[in-house]
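For reference, the structure is listed below as structure tokens.
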Amino acid sequence: MPEPIVVSIPNGQFAQNCYLVADPATGAAAMIDPGEESGRIMAEVERRGWTLGAIWLTHAHIDHAGATAELAKRFKLPIEGPHEGDRYWIEQLPAQARSFGFGKAEKFEPDRWLQQGDTVQVGNETLEVSHCPRHTPGHVVLFS
């Protein structure tokens, strides 16, 4: 089976990396940490002809989660992650946006909080979840 395709998209005023992960066999894709430039991120999905099926979050600082609510609503995408330890940061997204001069950011409720040992799937690709609190209480790492 071919390896998943991973595309890094630096975006926003902090040039944070949003990642697209795709299964080359199916064209199914997931977006990881959509920070700020939702149009730029979606343009890459469309350019590649992938079918976006989910948003995965590693943590909820504004530069990693600022565009999440907008994209989830607009494209009817489920939100998976981060760990529930980041509920505070999700609730504070509007204040984080104001503090750092970002555009409007909305709070949201993930469709699934991620836990140590969970998995996320895109097409035939499965990634494991490791809860790594330090950067934020709910920070997770996704690995294959």
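Counted the way the numbering used here counts, the sequence shown spans residues 1021 to 1164. Note that beta-carbon positions come from the ideal geometry of N, C-alpha and C, so glycine has one too.
So, for residue i: in the same chain, excluding its five sequence neighbours on each side, which residues have a beta-carbon less than 7 Å away from its beta-carbon?
i, result
"Asn1144", "Met1021, Asp1043, Ala1045 and Thr1046"
"Pro1157", "Gly1105 and Asp1106"
Roughly how many whole angstroms lie between the Cα atoms of residue i and residue j?
i, j, result
"Lys1093", "Pro1130", "12 Å"
"Gln1135", "Arg1154", "15 Å"
"Glu1148", "Trp1070", "22 Å"
"Asp1083", "Ala1050", "18 Å"
"Val1140", "Arg1067", "24 Å"
"Gly1137", "His1079", "16 Å"
"Ser1028", "Pro1114", "25 Å"
"Ile1025", "Val1041", "6 Å"
For the alpha helix (DSSP H) containing residue i, list its first residue and its last residue.
i, result
"Ala1125", "From DSSP, Ala1125 is part of no alpha helix (DSSP H); its letter is neither H nor E."
Taking 6 Å as the limit between beta carbons, can you name the residues of its chain near residue i, skipping five residues before and five after?
i, result
"Arg1132", "Glu1100"
With a threshold of 16 other CB atoms inside 10 Å of the CB of residue i, please say whether the residue is buried or exposed.
i, result
"Ala1089", "buried"
"Gly969", "Past the edges of the chain, shown from 1021 to 1164, lies residue 969, and the structure says nothing about it."
"Glu1023", "exposed"
Could you please give the first and the last residue of the uninterrupted beta strand (DSSP E) stretch that includes residue i?
i, result
"Leu1040", "Gln1036 to Ala1042"
"Ser1150", "Glu1145 to His1151"
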